[in-house]
Amino acid sequence: MEGTKAYATRSLVVITLLMMLCGGLTGVGLYFGLKHLLQVLTPGTGAAIVIPGIDVKIMIQSLSDVAHSVEMLLINYFSWIVPSVAAFCLIISLVLWFVLKLSVSSLFANDTNSSTVKTLQDLPEKEVKKEYADQKIEQERKKRIFLHFLSVLQREGRLLDFFAEDLSLYDDEQIGSAVRSIQEDCKKTVEKYLGLAPVIDEEEGESIDVPSGFDPDAIKLTGNVSGEPPFRGILRHRGWKAAKKDVPRLADVRDPSIISPAEVELE
58 MEGTKAYATR SLVVITLLMM LCGGLTGVGL YFGLKHLLQV LTPGTGAAIV
108 IPGIDVKIMI QSLSDVAHSV EMLLINYFSW IVPSVAAFCL IISLVLWFVL
158 KLSVSSLFAN DTNSSTVKTL QDLPEKEVKK EYADQKIEQE RKKRIFLHFL
208 SVLQREGRLL DFFAEDLSLY DDEQIGSAVR SIQEDCKKTV EKYLGLAPVI
258 DEEEGESIDV PSGFDPDAIK LTGNVSGEPP FRGILRHRGW KAAKKDVPRL
308 ADVRDPSIIS PAEVELE
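What follows is the structure in structure tokens.
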């Protein structure tokens, strides 16, 4: 990729310089050609233009309008012709560079793919299988991370057991005592590993100032949001952040979808 970028930059510079050189030579030739033509077409020289093959002579006196036009071109040459030639050469340079870049990029891509395939083919079969197995294990670990903390809450607070329970079979008093126990266990687990703390340590319902340069991930603005900070508003929720990050060890399991294992008591 870096080689492709370097080649593209060098090729753009070279193509632009060559086209500007060609444009400069063309401009010089055109300028002196127009001056010579103006001298030929100047009335009173007694010269004539002969069209070969048909023996037709055009006297210079009848070409005064043409001479006037050529003179106007020479007068405005550096303000009209030179910028036009430069712009034309620049456009042609960009078109040529773009076409060359596409061709070279596809060539580099084909070489890269060929070398990658060749490298994989050159590897021993055991190494290829090991590399594939390591990648699969890493993917499974990443999937496991999403369910990890939920498994901790289940292990220490029986949270999923509570979610799966049919509460319609119990009275409100029984549900209240069960919820209290689960809430206490889950709260202890969260405090143990995360140590929750408020993002804004103020009482909800109070008016607070939101300074300029605030973190939008830490403070969410609602209501009539307009203008630029600082803002003043009412704190509706203090938010939560982890005061500590004592993450429990991530256990390796065969099936990353397992949150909590089944328990079987042997007799």
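Residue numbers (my numbering): 58 to 324. For every residue, glycine included, the Cβ atom is placed at its ideal position computed from N, Cα and C.
With DSSP collapsed to three states, give me the class of aspartate 258. Annotated three-state conformation of aspartate 258 is coil, per DSSP.
Distance, alanine 143 Cα to methionine 77 Cα: Approximately 7 Å between the Cα atoms of the pair.
State yes or no: is the C-beta of glutamine 211 within less than 8 Å of the C-beta of serine 317? Taking C-beta atoms as the reference points, glutamine 211 and serine 317 count as a pair closer than 8 Å.
One or two residues paired with alanine 299 in a DSSP bridge: Secondary-structure assignment with DSSP links alanine 299 through a beta bridge to Leu253.
Name, in chain order, the residues that DSSP records as bridge partners for aspartate 228. Answer is none; aspartate 228 lacks a bridge partner.
Report the partner residues of arginine 237 according to the DSSP bridge assignment. BP columns for arginine 237 are empty, so no partner.
Integer-rounded CB distance, given that valine 256 should sit under 8 Å from lysine 298: About 5 Å separates the two Cβ atoms, so the contact holds.
Decide if the region 241 to 250 is in contact with the region 270 to 289; the criterion is three or more beta carbon pairs, one per stretch, under 8 Å apart. Taking one beta carbon from each stretch, the region 241 to 250 and the region 270 to 289 have fewer than 3 pairs nearer than 8 Å; the two do not touch.
Assign arginine 289 to one of three DSSP states: helix, strand, or coil. DSSP places arginine 289 in the strand class (E or B) of the three-state scheme.
CA-to-CA distance, threonine 66 to leucine 147, given in whole angstroms: When rounded, the distance between both Cα atoms is 15 Å.
Smallest Cα separation from lysine 92: which of Cys79, Tyr134, Asp228? Per the C-alpha coordinates, the member of Cys79, Tyr134, Asp228 positioned closest to lysine 92 is Tyr134.
Measuring CA to CA, which of Lys158, Arg295, Thr83 is closest to proline 140? The residue among Lys158, Arg295, Thr83 with its C-alpha nearest the C-alpha of proline 140 is Thr83.
When you compare only the Cα positions, how much space is there between leucine 217 and serine 234? In a straight line, the C-alpha of leucine 217 is about 17 Å away from that of serine 234.
Can you look up serine 283 in the DSSP assignment and give me helix, strand or coil? Judged by DSSP in its simplified three-state form, serine 283 adopts coil rather than helix or strand.
Out of curiosity, what's the CA-to-CA distance linking aspartate 312 and aspartate 272? Going from the Cα of aspartate 312 to the Cα of aspartate 272 covers about 38 Å.
Out of Gln240, Ser264, Leu226, which has the shortest C-alpha to C-alpha gap to glycine 214? Check the Cα spacing between glycine 214 and each of Gln240, Ser264, Leu226: the tightest is with Gln240.
To the nearest angstrom, how far is the alpha carbon of isoleucine 194 from that of serine 314? C-alpha separation (whole angstroms): 14 Å.
How would you write the range of the beta strand (DSSP E) that aspartate 266 sits in, first residue to last? Start and end: 264 to 267.
For glycine 84, does the three-state DSSP call read helix, strand or coil? DSSP places glycine 84 in helix when its eight states are reduced to three.
Use the C-beta contact count for tryptophan 137: other C-beta atoms within 10 angstroms, 16 or more gives buried, fewer gives exposed. So tryptophan 137 ends up on the exposed side.
Within a Cβ cutoff of 7 Å, which residues of the same chain sit near leucine 69, ignoring the five residues on either side of it in sequence? Same-chain partners within the cutoff: Trp154.
In three-state terms, what does DSSP make of glycine 90? Correct three-state label for glycine 90: helix.
Which of the three DSSP states is assigned to valine 70 in this structure? Note: valine 70 maps to helix in three-state DSSP.
Nearest-angstrom Cα distance between valine 282 and valine 236? Linking valine 282 to valine 236 through their CA atoms gives a straight-line distance of about 39 Å.
Using DSSP with H/G/I as helix, E/B as strand and the rest coil, what is histidine 125? In this structure, DSSP gives histidine 125 a helical state, which the three-state scheme calls helix.
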